[in-house]
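Encoded as structure tokens, the structure appears first; notes follow it.
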Amino acid sequence: MANLENLYRMMLTEYPDVLSVAQAAKILDCEDHMVYKMIGEGCFFATKPGKSYRISKLSLLRYLNGDRSA
Numbered sequence: 004m005a006n007l008e009n010l011y012r013m014m015l016t017e018y019p020d021v022l023s024v025a026q027a028a029k030i031l032d033c034e035d036h037m038v039y040k041m042i043g044e045g046c047f048f049a050t051k052p053g054k055s056y057r058i059s060k061l062s063l064l065r066y067l068n069g070d071r072s073a
């Protein structure tokens, strides 16, 4: 697997470090409801500080790199 630090520096630089569900869906090229399903399945780390989820970009990059351990 590629070095995660390099991935973090090179990929998704136009996005903030903490993503909304809509941003994650755009990155994954899927609908919002699929991101909610993936959150429920523990595919990547997400937190819900208020009414909406926030997803760690680092966790999403790990998922995209094949690390399924959230």
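With the numbering used here applied, the sequence shown covers 4 to 73. By construction, the Cβ of each residue, glycine as well, lies at the ideal position given by its N, Cα and C atoms.
Between the region 53 to 72 and the region 7 to 27, the count of Cβ pairs shorter than 8 Å is three or higher; the stretches touch. Counting along the chain, Ser55 sits inside no beta strand (DSSP E), nor does DSSP assign it H or E at all. Where Met14 is concerned, there is no enclosing alpha helix (DSSP H), because DSSP gives it neither an H nor an E.
A Cβ-Cβ separation of about 11 Å leaves Leu67 out of contact with Tyr11 under the 8 Å criterion.
The beta-bridge partner set that DSSP reports for Leu22 consists of Ile58.
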